[in-house]
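Numbering (the numbering used here), first residue to last: 23 to 212.
Here a beta-carbon is modelled for each residue, glycine too, at the ideal position from N, C-alpha and C.
Taking it in order: structure first as structure tokens, then the write-up.
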């Protein structure tokens, strides 16, 4: 807010954004803070021992769910869209060109933009869930991803064994950002 000319880009993991930082992201979307968030979703806490994350699919295995996850995973795109995000997209790391285009669009977009990037984690998620190599998980993405631009974010959960929807789901126009609202307060008083 101090310098609205800056393009603020947050690159973080699913666990950091939707567990530890869960309240921060929903309120940033609600307030329509002018920021682009790129979420690397590997379905697990990959760097700290492979613990269950809020994005670990139902029945998937982790170091803290050796008999399978009993909790439904967050649908990240639906969560941020319902909180007020003005731009929401999801791609896999295989969709490099489309991901790049969405990143450019999100950065240029005024307001809270969110891109979920599904990435393989062969060492902690993959080995426990029949994806022994990163290539095997990329093959799964290639064979099961369906582009569904404009799909309702509520209808695009990630459920292994079913098609995974990717694309641009939300692109709202004309919603005031938090900066717009704060700067208009001073103008109203004059």
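Residue burial is scored here from C-beta neighbours: residue 93 has fewer than 16 other C-beta atoms within 10 angstroms and is therefore classed as exposed. Residue 197 is a Cβ neighbour of residue 133, given a cutoff of 8 angstroms. For residue 138, the enclosing beta strand (DSSP E) stretches over residues 135-140.
Here residue 165 is exposed. Its C-beta has fewer than 16 other C-beta atoms within 10 Å. For residue 128, there is no enclosing beta strand (DSSP E); the residue is found in the alpha helix (DSSP H) stretching over 118-130. If you draw a straight line from the Cα of residue 183 to the Cα of residue 80, it is about 11 angstroms long. Annotation: the continuous beta strand (DSSP E) that includes residue 32 extends over 31-35. Rounded to the nearest angstrom, the gap between the Cα atoms of residue 52 and residue 157 is 37 angstroms. In the three-state scheme derived from DSSP, where H, G and I count as helix and E and B as strand, residue 68 is classed as coil.
Going by DSSP, residue 112 is part of the beta strand (DSSP E) stretching over 109-114. When the beta-carbon positions are compared, residue 191 and residue 110 come within less than 8 angstroms of each other. Residue burial annotation: residue 65 is buried, with at least 16 other C-beta atoms found within 10 angstroms of its C-beta. Take residue 171, set aside five residues on each side of it, and the residues of its chain with a beta-carbon closer than 6 angstroms to its own are 189, 190, in chain order. Two segments are said to touch when three or more pairs of C-beta atoms, one from each, lie closer than 8 angstroms; by this definition the region 114-126 does not touch the region 41-50.
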